[in-house]
Each structure stands twice: as C-alpha cells, then as structure tokens.
Amino acid sequence: MTMPLEIITIPCLSDNYAFLLHAPGSGLTALVDAPEAAPIEAELNKRGWGLDFVFLTHHHWDHIDALEELQRTFKPTVVGAQADVHRLPPLDLAVKEGTVFSLSREDVHVIEVPGHTVGHIAFYLPESKALFTADSLMALGCGRLFEGTAAQMWNSLNKLAALPADTMVYSGHEYTQSNGAFALTIEPDNSALQARVREIAKTRAAGESTVPSLLSLELDTNPFLRAGLDELKRTMGMEHIDSELVFKEIRERKDQF
Numbered sequence: 001m002t003m004p005l006e007i008i009t010i011p012c013l014s015d016n017y018a019f020l021l022h023a024p025g026s027g028l029t030a031l032v033d034a035p036e037a038a039p040i041e042a043e044l045n046k047r048g049w050g051l052d053f054v055f056l057t058h059h060h061w062d063h064i065d066a067l068e069e070l071q072r073t074f075k076p077t078v079v080g081a082q083a084d085v086h087r088l089p090p091l092d093l094a095v096k097e098g099t100v101f102s103l104s105r106e107d108v109h110v111i112e113v114p115g116h117t118v119g120h121i122a123f124y125l126p127e128s129k130a131l132f133t134a135d136s137l138m139a140l141g142c143g144r145l146f147e148g149t150a151a152q153m154w155n156s157l158n159k160l161a162a163l164p165a166d167t168m169v170y171s172g173h174e175y176t177q178s179n180g181a182f183a184l185t186i187e188p189d190n191s192a193l194q195a196r197v198r199e200i201a202k203t204r205a206a207g208e209s210t211v212p213s214l215l216s217l218e219l220d221t222n223p224f225l226r227a228g229l230d231e232l233k234r235t236m237g238m239e240h241i242d243s244e245l246v247f248k249e250i251r252e253r254k255d256q257f
C-alpha cells in the first residue's frame, strides 16, 4: 500500500506558487516549478527533505529562474517538455503528451496544455488526485494567450475538465480574487460563483492561499471552463455560437478587464 504524497504549497515572488511533493515511504521529494530559491530551500530545510526532482511546466522566467541555484545544492533530476527543450534549462527527462513516469511508486502523467505557451505541460497524479496546471487552468481563470491560440487553450481546458471532479488543481499564481471579480461580469447570477467570491475575500483577508482548488468548484464557477454551457451562452447573449468562439470572447474580455 503506497502512502499518500504530502503536498506543500509555497508562495514565491509576489504572487507565484511552487509545490513540493514528498513521498513519506521512500523519502523522495519533487518540486513543481522553481520561481524563487529562498522560500523553497527554507521549506525543504524546515522539513529535513532533500530535492530529488524538479518538474517544469513551461519556460517563463517566473517558473524556472531558481532552478540553477537549487541545482547547486540538491542536484535534482529535471523534467520538462520535449517540445520546449530549446528554451528550457537542460533537461534530464524530456516528456510529452502521454508520458508516464514515477515519483516513488506513484505514476505521474504528462498532459500537453498549449495556449499560454505552445509548450506548456501539466502533471497529473491520479492516485493523489492532484493536477499541477501552472498557467493553463488557474483558480477561476486561465492563462493569457501569449503564444498559443484560443482554439489550443479551449482544447487544453477541455482535456483538464474531463479529469475526475474530485481532483485538486494546483495552479501557478494567486490571481483568484481578481479572477473572481471578472467572472462575476460574465455570470453575475451564478450563486456558486457569488458564494465562492465571498469565501475568497475572507481567505485573502486572513492572508491565506486560495490555491489549490477542487476541479468540481472550477467546473461550477470558472467561466473559461463553462464557455460551452447553454446557461453561460444565454447570459452572454451568444446562444447558438460555437463554444470555442465563446471562450475566445471571454478571454478577450479578460485581457481588457
């Protein structure tokens, strides 16, 4: 019987998150993204953990900049997207859609989620019911389309939305409060969204993180996941419009919000 992973959320920089995944049975520890070395090293030292793996979701500086410093201390195995080997730090394991590798005895599934960048990947651990999405699916939002197209991001979000609803979504930034304010402009009468926005305000007032979030909650409240629903299309006055185009309209509105 495999012991469940211990997952630690680490605030970094001004609004980033990194995540430690620790397997109590083997003592192995992985890090998802490397925004800032000091808080990550402090958490590892506090817990007496080493660092065996680093999983990189995409090439943006605020997800990789601390890697070199961490490598000097810990010598971890670095995992990242095969599609982005030309602009990621040197990888020990280059992965793509469908790649499955192991952390201790638990399978880690790689899902390609282009949109925010064309080489963005997510890491899904079904046994731990954990999904690490960085800047693809975010709490009440999705990443800005810096490189990819609306069609790519819509397809990526639909892949993630099809995972079990009790999956916890570990996204890369503390944008939830502003995302909630925008979401209310799309679905002002969504009672689940109204309740979530109220809860987020309390959470942030207490200085606490809103990440991770349940996928079921995202399905009920995140307008970017809900662009295919008739109720949202009616609210937007876009009945009978293709869902991908509705998503594109929501993303464009968010860019101007």
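Position 37 of the sequence shown, counted from 1, bears residue number 37 in the UniProt record's numbering, the numbering being contiguous throughout.
C-beta atoms are modelled at their ideal positions from N, C-alpha and C, and glycine is treated no differently.
Model, not experiment: these values are computed from the prediction.
Taking its Cβ as the centre, do 16 or more other Cβ atoms sit within 10 Å of residue i, making it buried, or is it exposed?
{"i": "Asn45", "result": "exposed"}
{"i": "Gly25", "result": "exposed"}
{"i": "Glu208", "result": "exposed"}
{"i": "Trp154", "result": "buried"}
{"i": "Ala30", "result": "buried"}
{"i": "Ala42", "result": "exposed"}
{"i": "residue 284", "result": "The chain is shown from 1 up to 257; residue 284 falls before or after that span and cannot be answered."}
{"i": "Ala150", "result": "buried"}
{"i": "Ser216", "result": "exposed"}
{"i": "Phe53", "result": "buried"}
Measure the beta-carbon distance from residue i to residue j and round it to whole angstroms, keeping in mind my assumption that it falls under 8 Å.
{"i": "Ala38", "j": "Leu67", "result": "The pair is not a contact, with the Cβ atoms about 14 Å apart (cut-off 8 Å)."}
{"i": "Leu145", "j": "Arg253", "result": "Wrong, their Cβ atoms sit about 13 Å apart, outside the cutoff."}
{"i": "Gly115", "j": "Leu140", "result": "Contact doesn't hold; Cβ gap of about 16 Å is too wide."}
{"i": "Phe55", "j": "Val32", "result": "5 Å"}
{"i": "Pro89", "j": "Leu51", "result": "Contact doesn't hold; Cβ gap of about 15 Å is too wide."}
{"i": "Thr221", "j": "Ala165", "result": "Not really, about 13 Å apart at Cβ, beyond 8 Å."}
{"i": "Leu160", "j": "Leu131", "result": "7 Å"}
Could you spell out where the alpha helix (DSSP H) holding residue i opens and where it closes?
{"i": "Ile186", "result": "Thr176 to Ile186"}
I need the boundaries of the beta strand (DSSP E) containing residue i, first residue and last residue.
{"i": "Pro11", "result": "Glu6 to Cys12"}
Flag this pair as touching only if the stretch 192–209 and the stretch 233–240 have three or more C-beta atom pairs under 8 Å; answer yes or no.
No: the two stretches stay apart, fewer than three of their Cβ pairs being nearer than 8 Å.
Run through the UniProt domain "Metallo-beta-lactamase" (15–173) for me and flag every whole alpha helix (DSSP H) of 4 or more residues, listed as ranges in chain order.
Correct list: 37–47, 61–64, 67–74 and 150–161.
Taking contact to mean 3 or more Cβ pairs, one atom from each stretch, closer than 8 Å, check whether the stretch 100–116 and the stretch 62–76 are in contact.
With a cut-off of 8 Å, the stretch 62–76 and the stretch 100–116 do not count as touching, because too few Cβ pairs lie within range.
Whole beta strand (DSSP E) runs in the stretch 173–252 with 3 or more residues, listed along the chain?
Counting only runs that start and end inside the stretch 173–252, there is no beta strand (DSSP E) element of at least 3 residues.
Indicate whether the contact test is met: 3 or more Cβ pairs, each with one atom in the stretch 10–23 and one in the stretch 171–178, closer than 8 Å.
Contact holds: three or more Cβ-Cβ distances are below 8 Å.
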